[in-house]
Amino acid sequence: MTPEEASTTDSAPPFGTLLRETRKNRGWGQLRLVREMRAATARRGTALPTDASVKRRIASWENLHSIPDEFYGPLVCEALGMTAAELGLNNLTGQDTQLLETRYPPPRRMHSEQSISSGAQTCTGTSRWCCPSRHSPRGAKRRFGGS
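Residue 16 in the UniProt record's numbering sits at position 16 of the sequence shown; the count goes up by one each step and never skips.
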């Protein structure tokens, strides 16, 4: 079964097309999706390969060359806060079929998005990658006059 056949039913757009549209509608680049997937793996206690490797996979999915396997499929769903069915991932079998109905919580927003949408001048995030200058030990020393 080709990626196009596996991800299209009832004339729905293929997974790769839905992935690209969803990502772009959120204003995310592929690297932002990689970061969200990395956060999902951290919550699960697993790890991802390098950013470049995952970015190549995302490009392959979006260009309809392949579809995510049982490891990457749930991560993409969790990173986007969507079900597998909403993303057109209809290739799941066995225990993975529950993913078709599982809705994941949307990922936490980054500092830059919070400040744009709320006009806040201070970071309300807690993640080191959201605003590294605020959450790293070096950034704290700079803000509070340490050496």
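Positions of the beta carbon are idealized from the N, C-alpha and C atoms, including for glycine.
Just so it is clear, the structure is predicted and the values come from calculations on it, not from any experiment.
Could you check if Thr-50 belongs to the surroundings of the ligand GDP, using beta carbon to heavy atom distance under 7 Å? Inclusion of the ligand GDP in the displayed structure is not the case, the ligand content being empty and no account of it being possible.
Can you tell me which of the three DSSP states Gly-119 falls into? Here the question's residue 119 lines up with position 119 in the sequence shown. Per-residue confidence for Gly-119 stands at a pLDDT of 45, beneath the threshold of 50, marking its modelled position as unreliable; the derived number appears in the next sentence. Gly-119 falls in the coil class under three-state DSSP.
Span of the alpha helix (DSSP H), counted from its first residue to its last, around Gly-73: Within the sequence shown, numbered from 1, the residue matching residue 73 stands at position 73. Here the alpha helix (DSSP H) through Gly-73 covers 72 to 80.
Going by other Cβ atoms of all chains shown within 10 Å of its Cβ, with 16 needed for buried, is Trp-129 buried or exposed? As a working note, residue 129 is residue 129 in the sequence shown. Low confidence applies here, because Trp-129 scores a pLDDT of 47, under 50, leaving its location unreliable; read the following figure in that light. Exposure of Trp-129 is indicated by the presence of fewer than 16 other C-beta atoms within 10 angstroms of its C-beta.
So is Ala-40 buried or exposed if we call it buried at 16+ other beta carbons inside 10 Å? Position 40 of the sequence shown, counted from the first residue, corresponds to residue 40. Result: buried.
Rounded separation between Leu-18 and Gly-29 - CA only: Along the sequence shown, one-based indexing puts residue 18 at 18. Along the sequence shown, one-based indexing puts residue 29 at 29. In this model, Leu-18 and Gly-29 are separated by some 14 Å (Cα to Cα).
Would Pro-14 be called buried (16 or more neighbouring beta carbons within 10 Å of its own) or exposed? As a position in the sequence shown, residue 14 is number 14, starting the count at 1. By the neighbour-count criterion, in which 16 or more other beta carbons inside 10 Å mark a residue as buried, Pro-14 falls on the buried side.
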